[in-house]
Each structure stands twice: as structure tokens, then as C-alpha cells.
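Position in the sequence shown counted from 1, then plus 85, gives you the working numbering. Where is the CB? At the ideal position from N, CA and C, for every residue including glycine. Every value quoted in this text rests on a predicted model; they were computed, and no experiment measured them. The structure under discussion appears below in the form of C-alpha cells.
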Amino acid sequence: MKCKHCGTINSSKGRYCKNCGKPLSAKVTCPNCKKTLPPGSNFCSNGGTKIGKPVKTHGSQSRKKRGVRTEVFVIAIVVVLLAGAAGYAIYSA
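Below you can see the structure in the form of C-alpha cells.
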């Protein structure tokens with residue numbers, strides 16, 4: 086199987102490219118007849134059903150984690166700034 090990202094020829098059983106590490110084409114199946122289709126198919130060759138792009142389910146989880154990390158980082162900076170302002174006010178008086 087040829088990697089669509091870097092062009093390296095990989096084993097047909099491989100899931101990831103041995104050169105760049107990106108995922109190789111996933112199996113595409115028809116939602117109606119469950120027939121396995123070649124990668125990049127837009128329509129089922131059996132019944133003509135339109136094949137949509139695969140939905141990534143793990144992407145939203147990483148965004149949530151990123152959002153939580155950002156919130157924690159911003160809160161930590163605000164706390165440090167408030168502590169610095171309080172220390173400055175106490176020691177400058």
C-alpha cells in the first residue's frame with residue numbers, strides 16, 4: 086500500500102506508514118450493504134450508495150483536554166500576577 090502523504094510503499098497489512106508514521110487509508114464500508122470498498126471510494130459499487138468521509142471521534146476529546154489545559158494555565162497566570170501585586174503593595178508601603 087502506497088502512503089498518500091510521502092509515497093512510501095508499505096505492507097498491505099500495515100496501518101501506519103513506516104516512513105512518516107501517518108495512518109494509511111482505513112477500510113471503507115458501505116453503510117447499507119456492508120461491502121468493503123477501495124480507499125477513496127465516493128459511491129458503493131454494489132448499490133450506488135454515497136459514501137461520506139469518516140468521522141473522527143477522538144478529535145473532540147483532544148480539544149476538550151486542550152481547553153482544560155488552557156483554562157488551568159490562564160488561572161495560574163492570574164494567581165501569580167495577583168500574588169505579585171499583593172506582594173508589591175505590602176512591601177512598597
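Subject >> Ile160, DSSP secondary structure in three states >> reply: For the purposes of this step, residue 160 is taken as residue 75 along the sequence shown, with counting starting at 1. If DSSP states are grouped into helix, strand and coil, Ile160 belongs with the helices.
Original post:
Per DSSP, Lys87 is paired with what?
Top reply: Translated into positions along the sequence shown, residue 87 becomes position 2. Note: Lys87 sits in a beta bridge opposite Ile94.
Original post:
Would Leu166 be called buried (16 or more neighbouring beta carbons within 10 Å of its own) or exposed?
Top reply: For the purposes of this step, residue 166 is taken as residue 81 along the sequence shown, with counting starting at 1. Exposed is the call here.
Original post:
Skipping 5 residues on each side, what residues in its chain have a beta carbon closer than 6 angstroms to that of Tyr101?
Top reply: Taking the sequence shown and counting its residues from 1, one reaches residue 101 at position 16. Within the same chain, Tyr101 has close Cβ partners Pro108.
**OP:** Please classify Cys115: is it buried, with 16 or more other beta-carbons within 10 angstroms of its beta-carbon, or exposed?
**Re:** By one-based count along the sequence shown, residue 115 stands at place 30. Under this definition Cys115 is a buried residue.
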